Amino acid sequence: MMIKGFAVAAATVLAFAASAASATEYNVGQLSVPYTQAVTAPVGTISDDFLFDLNAGDLGAGLASVAVSLPGLGSAFNISGLGGSLYTGGGSLIGSFGMSGTFADLVAGSYRLHVGGTADGSLGGVYALSLVPASAVPVPGPAGILVAIGGAATVGWRNRKKRRAEAKLATA
Numbered sequence: 005m006m007i008k009g010f011a012v013a014a015a016t017v018l019a020f021a022a023s024a025a026s027a028t029e030y031n032v033g034q035l036s037v038p039y040t041q042a043v044t045a046p047v048g049t050i051s052d053d054f055l056f057d058l059n060a061g062d063l064g065a066g067l068a069s070v071a072v073s074l075p076g077l078g079s080a081f082n083i084s085g086l087g088g089s090l091y092t093g094g095g096s097l098i099g100s101f102g103m104s105g106t107f108a109d110l111v112a113g114s115y116r117l118h119v120g121g122t123a124d125g126s127l128g129g130v131y132a133l134s135l136v137p138a139s140a141v142p143v144p145g146p147a148g149i150l151v152a153i154g155g156a157a158t159v160g161w162r163n164r165k166k167r168r169a170e171a172k173l174a175t176a
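Using this note's numbering, the letters of the sequence shown correspond one by one to residues 5 to 176.
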């Protein structure tokens with residue numbers, strides 16, 4: 005019972021400590037092969053941008069998030085309202101999507117994909133983005149994305165555990 009109380013208290017402290025919004029810019033560069041990125045977000049608003057250049061053609065985009073519940077912590081990793089919007093380099097909206105979208109007949113140039121949502125798990129949230137440039141765009145397989153999300157969740161959990169241990173040593 006003592007361990008459960010400690011786990012709940014630790015999760016509460018971590019949630020408040022990680023209450024900053026996720027607002028990161030990823031510079032992908034020239035998108036000529038499929039690109040996948042797993043992101044661990046702290047509790048709060050997600051507002052991430054992925055910048056890339058694309059040759060003329062089609063673009064497929066997919067997002068996936070995973071909800072993880074742990075005994076004593078409840079919903080540890082969760083994202084609500086995850087979605088994306090594709091913009092030209094000049095800022096004009098091309099279109100928006102929920103979990104997947106296809107954008108056809110894009111001209112060569114610079115683009116920005118904005119990912120938004122709310123990381124509302126006690127430890128934040130984890131999502132994976134997949135961008136596929138091609139004339140026949142396949143939908144990303146959920147198994148591969150879930151493996152990437154699981155890996156990112158594990159890395160995030162280990163980083164939080166390490167920071168907590170370092171903080172404990174600093175106060176001792």
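Note that CB positions come from ideal geometry on N, CA and C, so glycine has one too. Treat the numbers as computed from the prediction; the structure is a model and nothing was measured.
| query | result |
| --- | --- |
| What residues in its chain sit with their C-beta under 8 Å from that of G113, if we drop five residues either side in the sequence? | D57, L58, T92 and G93 |
| Does DSSP classify A157 as helix, strand or coil? | helix |
| If you reduce the DSSP assignment to three classes, tell me which class L86 lands in. | strand |
| Assuming A157 contacts V43 (C-beta within less than 8 Å), just tell me the rounded distance between them. | At roughly 11 Å, the Cβ-Cβ gap does not stay under 8 Å, so A157 and V43 are not in contact. |
| In this structure, what does DSSP give as the bridge partners for S114? | D57 |
| Within the same chain, show all residues whose beta-carbon is closer than 6 Å to that of P51, passing over the 5 residues directly before and after it, in chain order. | Note that residue 51 corresponds to Ser in the displayed sequence, not to Pro. Closer than 6 Å at the Cβ level, and outside the excluded window around S51, lie A27 and G120. |
| Assuming V111 and A60 make a contact with CB atoms under 8 Å, what is their CB distance in whole Å? | 5 Å |
| Would DSSP call S67 helix, strand or coil? | This sequence places Leu at residue 67; Ser is not what is there. Of the three classes helix, strand and coil, the one that applies to L67 here is strand, per DSSP. |
| Let me know if G128 comes out buried or exposed under the rule of 16 or more other beta-carbons within 10 Å of its beta-carbon. | buried |
| Alpha carbons only, please: which of G125, H118, G160 and A174 is nearest the one belonging to G95? | H118 |
| May I ask which residues mark the beginning and end of the beta strand (DSSP E) holding G99? | L97 to F101 |
| Do you know whose CA, among R168, L135 and T49, lies nearest G33's CA? | L135 |
| Counting only the same chain and skipping the five closest in sequence on each side, list residues whose C-beta sits under 7 Å from that of A80. | V72, S73, L74, G125, S126 and L127 |
| Which residues in the same chain as G105 place their Cβ atom closer than 6 Å to its Cβ, once the five residues preceding and following it in sequence are excluded? | A65 |
| Classify V47: buried if its beta carbon has 16 or more other beta carbons within 10 angstroms, exposed otherwise. | buried |
| Taking the C-alpha atoms as reference points, what is the distance between L67 and G87? | 7 Å |
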